[in-house]
Amino acid sequence: MRAENLTATPGISQSKRDGTTTVTLAILCQVFHGLTFGGLALFLPLIRDDLQISFAQAGMLSAAATLSYGLGQIPAGFLSDRYGPKRLFFIGLLGWSALSLSLGLIHAFWLAVLNLLAAGAFRALMFAPGLSLLASWFPPERRATAMSLYMVGGFSGTILVSLAGPFLAQHLGWRYTFILFAALGMAAALVFRSHASEKPRRETGPHVGMLDALRLFRHRILWVCSAIQFIRFSVVTAFNFWLPSLLVTDRGFSLAAAGLVTAMSAAFTAPSNALGGYVSDRMKNPPLVIGGSLAVLACASTLLVVVDSVPVLLLVVATGSVFLQFYFGPLFFVPIEVLGQRTVGTAIGFSNLFANLGGMLSAYALGMVRDEAGTFTWGFIGISVLCLVGVVLSAVLARMRNAALAERHTQTT
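Taking this note's numbering, the leading residue of the sequence shown gets 108, the next gets one more, and so forth.
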């Protein structure tokens with residue numbers, strides 16, 4: 108028995124080291140990805156002036172990247188389930204970073220649209236595979252926390268670009284700054300490829316097939332979660348993509364001041380991802396976390412465009428930022444909790460497809476509203492209405508989840 112323990116210990120220790128290294132590298136890669144993804148929104152006022160485009164056209168830049176990103180979610184999730192997530196995550200980060208670098212060399216609007224359309228497809232290879240890879244190294248009872256932790260890296264990158272970006276853009280210009288950030292992302296991808304590991308699969312059955320993926324779509328709970336995902340990312344895009352422009356054009360902030368507010372927003376959002384997952388895991392009630400977060404965001408979205416006082420505005424931004432991704436982990440966890448781990452990549456991809464359809468429409472619609480009305484007010488009031496719809500859907504989700512878990516308990520007893 109003692110000999111068995113001695114021989115088993117090194118394997119367990121190596122697995123733990125592999126898990127720690129992989130989780131750390133995945134989060135760090137998200138940091139470097141966040142430099143370019145967050146930089147696109149931060150530098151948007153400069154990009155608009157450089158390319159001489161309208162707000163609606165600026166929204167098309169985000170919509171192009173979001174369209175291909177959204178359409179790539181289900182294929183990326185399916186390929187992750189079938190072939191493993193590590194190689195897909197690496198290809199995604201390398202491709203996104205390379206195309207971000209080329210964006211800094213483009214001077215025509217339509218070339219920028221095509222560039223971001225291609226970049227979004229590579230970025231799709233990061234999301235479902237990255238979440239699946241990270242969650243695989245955590246026990247089932249901590250996977251909502253793990254999925255929330257994945258987003259901490261991205262928002263940490265947003266904090267860095269919001270603080271350093273305006274200074275670098277002032278001295279180097281937005282193009283060279285963007286190229287620098289993209290080069291760092293490419294280097295991070297190569298380090299990840301060399302040192303990250305996939306957790307060995309425990310299942311002895313066949314790989315996930317097309318029929319397995321199609322069977323998922325029969326479950327109503329997946330469709331309800333996807334509808335809430337549509338709302339979630341509509342709100343996220345409204346806040347993250349348009350907040351710097353709102354502050355500069357509607358509120359008269361300088362780019363540096365808008366960068367500080369954006370950094371503050373990301374600083375509140377980053378820990379709230381993990382905190383929301385932890386609260387959900389402790390309460391064992393993800394729909395309550397989802398509905399409560401959306402109720403707060405409904406209020407924050409309207410207050411963002413109606414308050415006059417700058418201190419109150421900053422308080423609203425801070426409050427909204429805390430709950431912006433507070434329910435990220437719980438919302439992605441519910442389908443996995445009910446439907447199982449085997450098709451986790453496909454389930455994540457399906458849900459995130461709807462999320463990005465919401466983000467694409469939100470990016471373009473708010474730009475059009477700003478061009479037509481001369482203000483972002485009505486656009487953010489529309490976001491508030493969407494949040495209220497999400498509150499109702501979270502109540503529906505709670506009933507469906509309870510029924511599904513009760514049925515499973517009955518079958519196992």
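Don't be surprised by glycine CBs; every beta carbon is placed ideally from N, CA and C. Predicted model only: the values in this text are computed from it and were never measured.
Alpha helix (DSSP H) segment containing residue i, residue limits
i, result
"Ile213", "That residue, Ile213, is in no alpha helix (DSSP H); it is neither H nor E in DSSP."
"Glu305", "From DSSP, Glu305 is part of no alpha helix (DSSP H); its letter is neither H nor E."
"Asp415", "Careful: Asp415 lies outside any alpha helix (DSSP H) and carries neither H nor E."
"Ser434", "One point to set straight first is that residue 434 is Tyr, not Ser, in the sequence displayed. Note, Tyr434: premise wrong, no alpha helix (DSSP H); not H, not E."
"Asp357", "No alpha helix (DSSP H) holds Asp357; DSSP gives it neither H nor E."
"Leu350", "Arg327 to Ser352"
"Thr482", "Taken as a continuous stretch (DSSP letters only), Thr482 belongs to no alpha helix (DSSP H), as it is neither H nor E."
"Gly384", "Leu362 to Met390"
Same chain, Cβ closer than 7 angstroms to residue i, neighbours up to 5 away in sequence not counted
i, result
"Phe340", "Ala462, Asn463, Gly465 and Gly466"
"Asp125", "Ser304"
"Thr517", "none"
"Val386", "Val396"
"Leu275", "Thr284"
"Pro64", "The structure shown does not extend to residue 64, since the chain is modelled only from 108 to 520, so the question has no answer here."
"Trp349", "Leu473 and Phe483"
"Lys193", "Leu240, Ala303 and Glu305"
Check whether residue i and residue j have beta carbons under 8 angstroms apart
i, j, result
"Ser469", "Thr284", "no"
"Arg300", "Phe197", "yes"
"Val268", "Gly141", "yes"
"Leu353", "Phe483", "yes"
"Leu256", "Pro442", "no"
"Asn459", "Gln180", "yes"
"Ala183", "Ala242", "no"
"Leu542", "Val368", "Outside the shown range of the chain (108 to 520) lies residue 542, about which nothing can therefore be said."
"Leu153", "Trp281", "yes"
"Val499", "Ile338", "no"
"Leu195", "Ser187", "yes"
"Ala219", "Leu168", "yes"
"Leu208", "Ala290", "yes"
"Gly522", "Leu404", "Absent from the structure is residue 522, since the part of the chain shown begins at 108 and ends at 520."
"Gly384", "Gly436", "yes"
"Ala133", "Leu221", "no"
"Gly366", "Gly292", "no"
"Tyr471", "Gly145", "no"
"Phe288", "Thr143", "yes"
"Val355", "Met507", "no"
"Ile335", "Leu223", "no"
Contacting residues, own chain, Cβ-Cβ under 6 angstroms from residue i (five flanking each side not counted)
i, result
"Ile266", "Ala370, Ala373 and Ala374"
"Cys136", "Leu200, Ala295 and Phe299"
"Gly486", "Leu473 and Val476"
"Ala115", "In this predicted model, Ala115 has a pLDDT of only 46, less than 50, meaning its place in the structure is not dependable enough to derive any value."
"Ala402", "Val498"
"Ser400", "Phe430, Phe433 and Tyr434"
"Ile488", "Thr409"
"Ala513", "none"
"Val342", "Leu404 and Ile490"
"Lys123", "none"
Chain-order list of residues whose beta-carbon lies under 8 angstroms from that of residue i (same chain, five-residue window excluded)
i, result
"Thr311", "The pLDDT assigned to Thr311 is 49, lower than 50, so where the model puts this residue is not dependable; a value taken from the coordinates is nonetheless given after this. Same-chain partners within the cutoff: there are none."
"Val423", "Ala407, Leu410, Leu411 and Val414"
"Met390", "Val396"
Is there contact here, the region 255-270 with the region 206-215, by at least three beta-carbon pairs under 8 angstroms?
Between the region 255-270 and the region 206-215 there are fewer than three inter-stretch CB-CB distances shorter than 8 angstroms, so the stretches are not counted as touching.
Would you mind listing the alpha helix (DSSP H) stretches within the region 121-179 that are 4+ residues and don't spill past its ends, in chain order?
151-158 and 162-178, all fully within the region 121-179.
Is it true that the region 498-510 meets the region 388-399, where meeting means three or more beta-carbon pairs spaced less than 8 angstroms apart?
Yes, since at least three Cβ pairs between the region 498-510 and the region 388-399 fall closer than 8 angstroms, the two stretches touch.
Answer yes if the region 196-203 comes into contact with the region 146-163, meaning at least three C-beta pairs across the two stretches below 8 angstroms, and no otherwise.
No: fewer than three Cβ pairs fall under 8 angstroms.
I'd like to know if the region 218-237 and the region 172-183 are in contact, where contact means that at least 3 CB-CB pairs between them fall below 8 angstroms.
Yes, the region 218-237 touches the region 172-183.
The region 357-371 contacting the region 159-167, beta-carbon criterion three pairs below 8 angstroms
No contact exists between the region 357-371 and the region 159-167.
Quick check: the region 122-135 against the region 290-306, are there 3 or more CB pairs under 8 angstroms?
Yes, they touch.
Counting Cβ pairs closer than 8 angstroms, one from the region 408-421 and one from the region 481-498, do we hit at least three?
Because the criterion of three Cβ pairs below 8 angstroms is met, the region 408-421 and the region 481-498 touch.
Beta strand (DSSP E) runs wholly inside the region 221-297, at least 3 long, in chain order:
Within the region 221-297, no complete beta strand (DSSP E) segment of 3 residues or longer occurs.
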